[in-house]
Each structure stands twice: as structure tokens, then as C-alpha cells.
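In the working numbering, the protein residues as written are 64 to 203. All C-beta atoms, glycine included, are put in the ideal place defined by N, C-alpha and C.
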């Protein structure tokens, strides 16, 4: 319960920080999440992105539409499913998310202090296990 008590406020503060920086960076929290997911995993469908981020398909579609209007993503045929196109980064989208994550990593490095790589790995392992506990929760 102590972890949950910390994760919620931390997530909301990080989200607010991203929102505050959005005018300068030009990316909303939602568009940033879509771009980062595509950078990390390659082309995906909207439903795949929704499942990966525990977000509704409708919300992800709106974020994809926003990103497409700014030429940050584009659609591509999906050989596995004709009616569900793949979404992929454009060169402009890749440059945008690379710049944003570089700034974020620089900011987050300030949290390092006396934390070791093992500390971070343990934290990630614990959070991943907690996330798996709620795999059955439907977000749509």
C-alpha cells in the first residue's frame, strides 16, 4: 500500500510537469505517450496501443489523430488485419519524441543521488509485478 500511496501522486505530478512543458515542447501528454510507445515498440494498431497503456481505444485514437494532423505519425497497411491500420512514426515524430525524452532524462537524472542501478532495477521489478496483478482490469 505504501507503493500505491507514492505512485499515484508521482504519476500525477509527472503528468502535470509534462502538461506545463507542453507549450514549449509542443506535445500533449497523450500525444507524447503515443509517440513514445511507437518509438519503443515500432508500428502498432490503435487497439494495441490502448492495451499497452491501459487507455481506451477512443482516447488513443484521438491522440493518434492529433499526432497525424501534426505529421508526427502516419498510417500504414496492416498485413495481419485489413481494417486496423498500423500507426508509425514519421521522421518528424521521431525527432520530436527524441528531443522530449532527452529533456526528460536530463531532468530525471537529478533524482539519482545515491540510488544504484540495482535500486532502480528492484523498483522496476516491483512495479512490473504490481502492474501484472491488475492485468485483468478492462480499460474500455
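- The region 189 to 196 makes no contact with the region 88 to 107; the number of CB pairs closer than 8 Å stays below 3.
- Per DSSP, residue 136 is one residue of the beta strand (DSSP E) stretching across 136 to 139.
- In this structure, residue 92 and residue 78 form a Cβ contact; the two beta carbons are roughly 6 Å apart against a cut-off of 8 Å.
- Going by DSSP, residue 195 is part of the alpha helix (DSSP H) stretching over 180 to 196.
- By the Cβ-count criterion, residue 68 is exposed, with fewer than 16 other Cβ atoms from all chains shown falling within 10 Å of its own Cβ.
- In the DSSP assignment, the residues bridged to residue 150 are 107 and 138.
- Cβ-Cβ separation between residue 135 and residue 141: approximately 19 Å, too far for a contact (criterion under 8 Å).
- In the three-state reduction of the DSSP assignment, residue 145 falls in the coil class, being assigned neither a helical nor a strand state.
- Closest in C-alpha terms to residue 158, from the list 84, 81, 82 and 90, comes 90.
- Annotation: the continuous alpha helix (DSSP H) that includes residue 129 extends over 120 to 132.
- When the alpha-carbon of residue 162 is set against those of 127, 95 and 107, the nearest one is in 95.
- For residue 175, the three-state secondary structure derived from DSSP is coil.
- Looking at the backbone, the Cα of residue 166 and that of residue 82 are separated by about 14 Å.
- Distances from the alpha-carbon of residue 143 to those of 107, 84, 75 and 74 put 107 closest.
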